[in-house]
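Structure, as structure tokens:
Numbering (this note's numbering), first residue to last: 516 to 627.
Given below as structure tokens:
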């Protein structure tokens, strides 16, 4: 029982460290004007939403922290981060992917 609690606390601590690092992803000043205020996310025209997600590092960081929180082990988190760095995307469902920009991918690469 003690070992299970220890592993659980290690996973929580690892998640905390990774999430803190992810939340420190800088926003490229060239594209910082592209925000939800200027380009609101639209439920009626979702085709344009990818631009807002792709170019806004803070939105990408929020999505990434949510995905990290859903992982159960350190290996799962590392695998997720390596996939994003190498492939540039995360498969959310059979037909949907979240694409991460180069700046975010480079930041993640430094973490792992």
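No residue lacks a Cβ here, since even glycine has one placed at the ideal position from N, Cα and C. Being a predicted model, the structure only gives us computed values, none of them experimental.
Annotated three-state conformation of residue 585 is coil, per DSSP. Counting every other CB atom within 10 Å of its CB across the protein chains shown gives residue 571 a total of 16 or more, marking it as buried. Going by C-alpha positions, residue 626 is about 7 Å away from residue 536.
Distances from the alpha-carbon of residue 524 to those of 573, 577, 569 and 587 put 587 closest. CA-CA distance, residue 606 to residue 567, rounds to 18 Å.
Of the residues assessed, residue 520 falls on the exposed side of the cut-off, its CB having fewer than 16 other CB atoms within 10 angstroms. 615 is the residue among 609, 610, 611 and 615 whose C-alpha sits nearest the C-alpha of residue 596. Take residue 533, set aside five residues on each side of it, and the residues of its chain with a beta-carbon closer than 7 Å to its own are 583, 592 and 626, in chain order. At the C-beta level, residue 542 and residue 573 come within 8 Å of one another.
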